[in-house]
Amino acid sequence: MPFLFAFLLALLALPVQAQSDEPDPIADAAPQLKKMIDVFSVVEAEAADPVDPDAAFYQGAIPSMLRTLDPHSSFFDPDQFQQLQQMEKSEQKGFGSIVNITPGRVIVLQTLPGTPSAKAGLSAGDEIVAVNNYAIARLDAEQIVQLLTASRQKEADLYIHHPGDAKVTHITMSPEVENTPTVDRAFMLAPGIGYLRITEFAQTTGKLVKGSIEKLGGADLKGLVLDLRDNPGGDVGAAIDTASLFLKPEQLIFTARGRSSKPEEARVDKYNRPYTFPLAVLVNEKTASASEIVSGALQDHDRASIFGVPTYGKGLVQQVYPLSKSTGMALTVAFYYTPSGRSIQKPLSGGELDSATVVDKGPYKTDSGREVRGGGGIQPDQVVQPEAQTRLRVALEASGVITAFASEYVRAHEIPDDFQVTGEMLDQLNAYAAQHSIQPDVREWLADREWITDRLQQEIVNLKFGVAKGDQLEMRRDPAVTAALRELRVP
469 MPFLFAFLLA
479 LLALPVQAQS
489 DEPDPIADAA
499 PQLKKMIDVF
509 SVVEAEAADP
519 VDPDAAFYQG
529 AIPSMLRTLD
539 PHSSFFDPDQ
549 FQQLQQMEKS
559 EQKGFGSIVN
569 ITPGRVIVLQ
579 TLPGTPSAKA
589 GLSAGDEIVA
599 VNNYAIARLD
609 AEQIVQLLTA
619 SRQKEADLYI
629 HHPGDAKVTH
639 ITMSPEVENT
649 PTVDRAFMLA
659 PGIGYLRITE
669 FAQTTGKLVK
679 GSIEKLGGAD
689 LKGLVLDLRD
699 NPGGDVGAAI
709 DTASLFLKPE
719 QLIFTARGRS
729 SKPEEARVDK
739 YNRPYTFPLA
749 VLVNEKTASA
759 SEIVSGALQD
769 HDRASIFGVP
779 TYGKGLVQQV
789 YPLSKSTGMA
799 LTVAFYYTPS
809 GRSIQKPLSG
819 GELDSATVVD
829 KGPYKTDSGR
839 EVRGGGGIQP
849 DQVVQPEAQT
859 RLRVALEASG
869 VITAFASEYV
879 RAHEIPDDFQ
889 VTGEMLDQLN
899 AYAAQHSIQP
909 DVREWLADRE
919 WITDRLQQEI
929 VNLKFGVAKG
939 DQLEMRRDPA
949 VTAALRELRV
959 P
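At position 114 of the sequence shown (counting the first as 1) the number is 582 in this note's numbering, and the numbers step up by one without a gap.
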């Protein structure tokens, strides 16, 4: 008899407890458990094909039950639970290169010093044409990402086309443990105003943020743009450390409340000495979890203005419970709330998370009495949409034409520190695009001329001086950054 089936029978056989005012969940569930056993007994006896009890319960009954709670609570069978435990212990590995991916093409933008890519001789402008005998030209962008991700798990065979070389070079690389900082960009946007991007929250993120701010000028800064776009979250302790850099002593950062646990609060340390310069935070639809904790706390305490589009809305407190027979379960046990009482978790339709815990009971107000919207996620103070994409922009990006042209241009020309794109270069790019079946009319080209100029400048800088320098150019024309700068420069 399978273990789980025997366990359910044992539950039904438990003696009835003496009367008590406390509800007995086992007794309350007994009729439903009996129905499940009755159904399984009939299926096992009468089904046309033999029934695998483990599949019936591990892949059917139990996951289905958890799905009625919320999409993030899940059951792990023995194999899945072992994989989860291995993932928690695993180290992130990679080859140390930054690439541009378009359908059918992968072009190297930068290799980091001392990494497997650099040791193997990869350099900016190289094109990866095959990985582990899979031809890149046959794959779409998503398939390429999957292939490159899988290749980082063990030794990989790559076939490389170096610009100006007719031959294809074969190299073999072994991945190494990556030490990628979670604060990957920090530079000055304008005199006195810094920019800092956090890609995720890990244990050291708070220290990295503080160290980066000090390098930019520390307390003497006139303002800071904190970019949390595309940040999926991570370590909640790091979110507390980061928010504390800007909040007053003992201010509330978040509250965690659940049905069966006592509310927990996270507050700034009473001896905290925060930065006081003006602050702007950038968010988007991929800003989630710990990132929403930080942005929500800064908004509720009127410490920062939020720019961008509404965030993802993931404010779940989950706990993993080891179960018998090497199985496990991840269960949502509470929800995160901002200082004003807003649930970070976005209510879901279809009964999922249809709990009083996440029902919006606004209005919500900041410390100064300014009203902010609830309903899940963080609503920006100023909505700033990404720059609209035209047909020509989509075609140029999807084809990789700008990156390919930039690669050939860098190989054939000296690029000075003060390099600027010229009209002659744009004409050459236009002709190059036509050779690759992209032939916009004059009106389309002129309408997007400024954007094309900026993108070509960025790609040439990426290839010659590194992606960090190219990112600086991109941020200075970013609509959300522009809006934040306008706010920070107001006396």
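For glycine and all other residues, C-beta sits at the position ideal for the given N, C-alpha and C.
Since we're looking at a predicted model, the values are computed, not measured.
Beta-bridge pairing of residue i - partner residues as DSSP gives them
{"i": "Gly702", "result": "Phe669"}
{"i": "Leu664", "result": "Ala654 and Leu694"}
{"i": "Tyr780", "result": "BP columns for Tyr780 are empty, so no partner."}
{"i": "Tyr602", "result": "Val599"}
{"i": "Pro790", "result": "Gly796"}
{"i": "Lys833", "result": "Glu839"}
{"i": "Gln850", "result": "Phe775"}
{"i": "Glu644", "result": "Gly562"}
{"i": "Phe543", "result": "Met797"}
For residue i, three-class secondary structure by DSSP
{"i": "Phe803", "result": "strand"}
{"i": "Lys635", "result": "coil"}
{"i": "Ile566", "result": "strand"}
{"i": "Arg810", "result": "coil"}
{"i": "Lys561", "result": "strand"}
{"i": "Thr871", "result": "helix"}
{"i": "Ser823", "result": "Here the model assigns Ser823 a pLDDT of 46, short of 50, so the residue's position is not dependable, and the following value carries that caveat. Ser823 falls in the coil class under three-state DSSP."}
{"i": "Val785", "result": "strand"}
{"i": "Leu689", "result": "coil"}
{"i": "Gly845", "result": "coil"}
{"i": "Ile883", "result": "coil"}
{"i": "Thr710", "result": "helix"}
Spatial distance of residue i from residue j (CA atoms)
{"i": "Ala618", "j": "Ala605", "result": "18 Å"}
{"i": "Asp939", "j": "Arg945", "result": "10 Å"}
{"i": "Pro848", "j": "Thr650", "result": "23 Å"}
{"i": "Ala952", "j": "Asp545", "result": "48 Å"}
{"i": "Lys761", "j": "Leu696", "result": "A small fix is needed here, since residue 761 is Ile in this sequence, not Lys. Straight-line Cα distance between these residues: approximately 11 Å."}
{"i": "Arg573", "j": "Glu595", "result": "7 Å"}
{"i": "Thr570", "j": "Val613", "result": "10 Å"}
{"i": "Leu894", "j": "Leu580", "result": "30 Å"}
{"i": "Asp698", "j": "Ser565", "result": "20 Å"}
{"i": "Leu615", "j": "Lys932", "result": "27 Å"}
{"i": "Glu512", "j": "Pro518", "result": "7 Å"}
{"i": "Ser680", "j": "Leu664", "result": "8 Å"}
{"i": "Ser712", "j": "Ser836", "result": "19 Å"}
{"i": "Gln621", "j": "Pro643", "result": "7 Å"}
{"i": "Leu684", "j": "Ile666", "result": "15 Å"}
{"i": "Thr825", "j": "Lys754", "result": "Reliability fails at Thr825, whose pLDDT of 45 lies under 50, so the model's placement of it is uncertain and no value is given."}
{"i": "Asn600", "j": "Lys587", "result": "19 Å"}
{"i": "Val751", "j": "Tyr900", "result": "36 Å"}
{"i": "Gln907", "j": "Ser794", "result": "60 Å"}
{"i": "Thr871", "j": "Ile883", "result": "15 Å"}
{"i": "Gly726", "j": "Phe887", "result": "57 Å"}
{"i": "Gln896", "j": "Arg917", "result": "13 Å"}
{"i": "Ala863", "j": "Val704", "result": "40 Å"}
{"i": "Gln850", "j": "Ala658", "result": "21 Å"}
{"i": "Arg954", "j": "Ala948", "result": "10 Å"}
{"i": "His629", "j": "Ile639", "result": "11 Å"}
{"i": "Leu941", "j": "Asp770", "result": "30 Å"}
{"i": "Met641", "j": "Gly843", "result": "48 Å"}
{"i": "Lys814", "j": "Glu912", "result": "40 Å"}
Endpoints, the alpha helix (DSSP H) within which residue i is located
{"i": "Ser619", "result": "Ala609 to Ser619"}
{"i": "Thr921", "result": "Arg917 to Phe933"}
{"i": "Val862", "result": "Arg859 to Ser867"}
{"i": "Asp768", "result": "Ala758 to Asp768"}
{"i": "Arg962", "result": "This structure cannot speak to residue 962, because the chain is shown only from 469 to 959."}
{"i": "Glu892", "result": "Gly891 to Gln903"}
{"i": "Ser585", "result": "Pro584 to Lys587"}
Whole-number beta carbon distance between residue j and residue i, since they are thought to touch under 8 Å
{"i": "Ala729", "j": "Ala802", "result": "Note that residue 729 is Ser in the sequence shown here, rather than Ala. Right, the Cβ-Cβ distance comes to about 6 Å (below 8 Å), so this counts as a contact."}
{"i": "Leu715", "j": "Val736", "result": "5 Å"}
{"i": "Phe563", "j": "Ser591", "result": "In fact, because the Cβ distance is near 13 Å, the residues do not count as touching under 8 Å."}
{"i": "Gly781", "j": "Gly830", "result": "With a Cβ gap of about 15 Å, Gly781 and Gly830 do not count as contacting."}
{"i": "Pro807", "j": "Ala765", "result": "6 Å"}
{"i": "Gly809", "j": "Tyr832", "result": "6 Å"}
{"i": "Val878", "j": "Ile928", "result": "6 Å"}
{"i": "Gln925", "j": "Val840", "result": "With 8 Å as the limit, Gln925 and Val840 do not qualify as a contact, their Cβ atoms being about 38 Å apart."}
{"i": "Ala706", "j": "Gln671", "result": "6 Å"}
Where the beta strand (DSSP E) containing residue i begins and where it ends
{"i": "Arg735", "result": "Glu732 to Arg735"}
{"i": "Arg725", "result": "Leu720 to Arg725"}
{"i": "Tyr739", "result": "From DSSP, Tyr739 is part of no beta strand (DSSP E); its letter is neither H nor E."}
{"i": "Asp625", "result": "Ala624 to His629"}
{"i": "Ala748", "result": "Leu747 to Val751"}
{"i": "Leu577", "result": "Arg573 to Thr579"}
Below-9 Å beta-carbon distance, residue i vs any chain D residue
{"i": "Ala951", "result": "Structure shown: chain D not included; a single protein chain is present."}
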